[in-house]
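Written out below as structure tokens is the structure these notes cover.
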Amino acid sequence: MQQNVSTQFNDTLAIISPEVSEVSFNTWFKDIKPVAFKNNVLTLVVPSMVARNMLETRYKDLLLNAVRIAYEQPNADIKLMLESELDTNHPNHTRTQPSYKNQTDLNPKYTFDTFVVGNSNRFAHAAALAVAEAPARAYNPLFLHGVAGLGKTHLMHAIGHHILEQNPESKVVYVSSESFTNELINSIKDDKNQEFRNKYRNVDVLLVDDIQFIAGKESTQEEFFHTFNTLHGANKQIILTSDRSPKEINTLEERLRSRFEWGLIGDIQTPDLETRIAILKKKAQSKNLDIPDEIFTNIASKVKSNIRELEGALNQIIAFSAVIKQQITLDLVDEALKDYLKGQEKKNITPQYILQMVANHFSLTIEDLKSAKRNKAISYPRQISMYLMRELTTVSLPKIGELLGNRDHTTVMHGTSRIEEDIRNDVYFKNMIEDITKNIQGN
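Every number in the working numbering is 160 more than the matching position in the sequence shown, counting from 1.
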């Protein structure tokens with residue numbers, strides 16, 4: 161249970177981070193530690209009285225709302241404590257010490273069953289499943305990369321769960337590269353190097369999240385190099401995630417880079433509209449919520465960046481609906497996401513401006529794009545307009561259809577899907593769309 165509390169608090173911090181400056185985040189939030197979640201109250205340890213006072217007077221609402229979203233508990237509360245207060249208030253709590261036994265730290269929610277497969281992640285999912293079915297026999301190492309919030313960690317945890325289901329005696333260890341570095345530093349300081357090495361070299365499966373953070377850290381790279389060699393030489397499975405491919409990790413030692421490329425590299429892209437809708441539906445089903453399809457389409461059209469933000473938006477809507485005691489409607493979605501989406505729509509980019517820029521690019525008029533003409537010279541730029549309006553604004557699909565000659569929203573869905581497919585399959589076309597997008601954004 162404790163590991164789940166910790167994992168969900170990491171999600172809490174991920175929600176808070178974009179809302180405050182880097183200095184404020186590092187000063188007031190970074191060192192908060194979750195202790196227990198009991199009776200709908202999350203107990204948090206803060207490093208000082210000054211930090212507690214600042215969090216209670218200035219940041220309480222932000223922290224509380226983030227906890228409610230991350231823990232999926234709309235009525236949750238928080239309790240801030242100092243380390244010195246724990247012994248009397250939480251007699252069963254022991255101060256955090258590094259544990260080297262059976263420490264999987266896998267999130268129980270991150271399984272293959274809860275992962276939504278789409279065009280953006282199909283290859284990575286297939287590779288992860290192959291590794292889970294045959295550890296160290298399929299691809300070793302497996303290296304998954306993509307920007308934050310696309311499901312890399314989910315797939316990594318799913319591999320761990322699947323392996324343990326097939327063989328409960330397997331020694332599976334999950335760690336972030338930051339934790340690996342911190343534990344290494346502590347082991348050197350406390351003269352426990354061998355204990356540290358036993359933990360990470362005597363395993364069947366090693367899962368390392370955000371491996372890019374070891375780049376530039378000489379001692380950490382040295383230790384991980386030998387850990388990698390020991391495990392790979394013993395035919396043990398290694399799974400790594402990163403926000404970029406091995407070739408793109410600056411200051412990573414070449415000997416590590418080459419080893420990361422020994423196995424299989426899987427890229428995860430931003431989910432397309434259909435995948436985003438499927439993710440929302442699965443999330444709602446897990447909460448036993450009956451929500452109309454048009455609501456899912458509306459949310460997915462507004463939130464495009466990553467899965468974490470998509471699920472966060474749905475949680476925001478659910479919480480808003482519960483607070484005002486109203487059913488979820490399109491109007492409620494707009495109201496609930498009003499502040500959540502603030503800043504997402506690019507400044508000065510309107511649907512009309514996009515139409516004008518697309519028309520200029522193809523030597524057409526806006527009236528051509530809105531017309532009933534179906535020849536490819538006009539219908540294709542029209543579909544490009546649909547795609548760009550969906551990607552660069554928060555306008556709903558029905559509204560996009562209305563702006564393009566009162567077309568049905570299903571026509572818009574078909575048009576945007578066509579453009580997405582061509583972007584995937586045609587490098588020249590992809591570059592053209594990127595050029596038009598840059599012109600629209602003024603880059």
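All C-beta atoms in this analysis are idealised placements derived from N, C-alpha and C, irrespective of residue type, glycine included.
Could you tell me the alpha carbon to alpha carbon distance between residue i and residue j, rounded to whole angstroms?
i    : j    : result
R255 : I176 : Confidence in R255 is poor, its pLDDT being 42 and thus under 50, which makes the residue's placement unreliable; the coordinate value appears in the next sentence. Their Cα atoms are separated by approximately 25 Å.
F197 : V165 : 7 Å
L310 : A292 : 20 Å
N281 : I583 : 16 Å
R419 : E413 : 10 Å
S531 : I600 : 22 Å
S379 : G306 : 26 Å
I596 : P431 : 21 Å
I451 : R415 : 51 Å
T390 : G376 : 22 Å
F147 : N267 : Only positions 161 to 603 of the chain appear in this structure, which leaves residue 147 out of reach.
Y588 : R218 : 51 Å
H317 : D273 : 12 Å
L449 : N327 : 35 Å
A236 : N200 : 5 Å
Q445 : T457 : 15 Å
S545 : E580 : 12 Å
N395 : S539 : 55 Å
N535 : A496 : 41 Å
S259 : D453 : At S259, the pLDDT of 36 sits below 50, so the modelled position is not reliable and the matter cannot be decided from this model.
L204 : H322 : 32 Å
Y231 : A288 : 26 Å
K447 : A308 : 24 Å
K609 : L524 : As shown, the chain starts at 161 and ends at 603. That puts residue 609 outside it, with no answer to give.
Y360 : Q372 : 18 Å
K442 : I455 : 14 Å
G561 : T489 : 20 Å
D491 : K559 : 14 Å
S181 : W188 : 11 Å
H253 : K220 : Only weak support is given to the placement of H253: the predicted model assigns it a pLDDT of 49, under 50, and the question is left unresolved by the model.
Counting along the chain, where does the alpha helix (DSSP H) carrying residue i start and finish?
i    : result
Q381 : 378 to 393
F522 : No alpha helix (DSSP H) holds F522; DSSP gives it neither H nor E.
A284 : 282 to 293
Q601 : 587 to 601
R415 : 414 to 420
N475 : 467 to 484
N566 : Taken as a continuous stretch (DSSP letters only), N566 belongs to no alpha helix (DSSP H), as it is neither H nor E.
E329 : Here E329 belongs to no alpha helix (DSSP H), and DSSP marks it neither H nor E.
L433 : 433 to 446
F356 : 353 to 361
D350 : Element bounds for D350: n/a, residue is neither H nor E.
E495 : 490 to 496
Starting from residue i, trace the beta strand (DSSP E) in both directions and tell me its first and last residue.
i    : result
T531 : The identity of residue 531 in the sequence shown is Ser, whereas the question assumes Thr. No beta strand (DSSP E) contains S531, which DSSP labels as neither H nor E.
Y334 : 332 to 336
L310 : L310 -> no beta strand (DSSP E), and no H or E assigned at all.
E456 : The residue asked about is misnamed: residue 456 is Phe in this sequence, not Glu. Segment 453 to 462 is the alpha helix (DSSP H) holding F456; no beta strand (DSSP E) there.
T401 : 397 to 402
D369 : 365 to 369
To which residues does DSSP link residue i through a beta bridge?
i    : result
Y219 : Y219 pairs with nothing; no bridge assigned.
F135 : Lying outside 161 to 603, the shown extent of the chain, residue 135 is not represented and no answer is given.
F303 : L400, I425
K239 : T203
Label residue i either buried or exposed according to how many other C-beta atoms from any shown protein chain fall within 10 Å of its C-beta, with 16 as the threshold for buried.
i    : result
T411 : exposed
Y334 : buried
Y299 : buried
H574 : exposed
V195 : buried
K312 : buried
M364 : Correcting the residue type first, residue 364 is Asp in the shown sequence and not Met. D364 comes out buried.
G423 : buried
T570 : exposed
G320 : buried
E179 : exposed
G426 : buried
R567 : buried
Q543 : buried
M549 : buried
H285 : buried
R436 : buried
Could you check if residue i belongs to the surroundings of the ligand FAD, using beta carbon to heavy atom distance under 7 Å?
i    : result
G472 : This structure lacks the ligand FAD, and indeed carries no ligand of any kind.
Chain E beta carbons: is any one of them nearer than 8 Å to that of residue i?
i    : result
V307 : Of the protein chains in this structure there is only one, and it is not chain E.
Okay, do the segment 472 to 486 and the segment 223 to 231 touch, 3+ Cβ pairs below 8 Å being the bar? yes
_For the segment 548 to 556 against the segment 457 to 466, do three or more pairs of beta-carbon atoms, one drawn from each stretch, fall closer than 8 Å, so that the two count as touching?_
yes
#### Entry: Touching by the beta-carbon criterion (3+ pairs, under 8 Å), the segment 465 to 474 and the segment 335 to 352
Contact annotation: the segment 465 to 474 does not touch the segment 335 to 352, with fewer than three C-beta pairs closer than 8 Å.
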